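In this note's numbering, the protein residues as written are 21 to 168.
Everything below concerns the one structure shown next.
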């Protein structure tokens, strides 16, 4: 079900996976005010719908780097969301993917958020990952002990 669609971004919600998908326009620079506004809209939707799973599809990024203002917005808003899993869909721009992945992972690690983050190749791989149970810290510790 489409939640929002305009020239900048499309938000779609999958009820079966409790997944919000965000896809940005290939013409949108991440340094633009318009991009910042789409991120604000994304977080508003995550909060209103209480979304635990998020798929980020940046398409073919139109350039730019994540601004301090945008990173600051992430810092202040990600901890207050119900997010449990964030999937980043690979784009043709490896550097962009890696930058976004590292920023989100840094926030999750620094603030010890109970969010899993993965960079995946296809929407099918995202759906497969979302169907798997979450690995909590205690489960990972038990598994590591069992393997040893």
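Ideal Cβ placement from N, Cα and C applies to all residues, glycine included.
This one's a predicted model, so the numbers in the text were calculated from it and none came from an experiment.
From what residue to what residue does the beta strand (DSSP E) around residue i run?
i	result
residue 124	Taken as a continuous stretch (DSSP letters only), residue 124 belongs to no beta strand (DSSP E), being part of the alpha helix (DSSP H) at 114-130.
residue 41	39-44
residue 23	22-25
On the CB-based measure, 16 or more other CB atoms within 10 Å of its CB, does residue i come out buried or exposed?
i	result
residue 105	buried
residue 100	exposed
Examine the ligand COA and report whether any of its heavy atoms sits within less than 7 Å of the Cβ of residue i.
i	result
residue 98	Although the ligand COA was asked about, the structure shown includes no ligands whatsoever.
Measuring straight from C-alpha to C-alpha, what distance separates residue i and residue j?
i	j	result
residue 141	residue 110	5 Å
residue 107	residue 50	19 Å
residue 46	residue 80	5 Å
residue 66	residue 37	14 Å
residue 147	residue 57	27 Å
residue 114	residue 120	10 Å
residue 48	residue 125	23 Å
residue 138	residue 54	26 Å
residue 112	residue 78	10 Å
residue 95	residue 127	7 Å
Which residues bound the alpha helix (DSSP H) around residue i?
i	result
residue 76	That residue, residue 76, is in no alpha helix (DSSP H); its beta strand (DSSP E) goes 73-77.
residue 59	53-69
If I'm right that residue i touches residue j with Cβ under 8 Å, what's the distance once you round it to whole angstroms?
i	j	result
residue 75	residue 41	4 Å
residue 59	residue 90	6 Å
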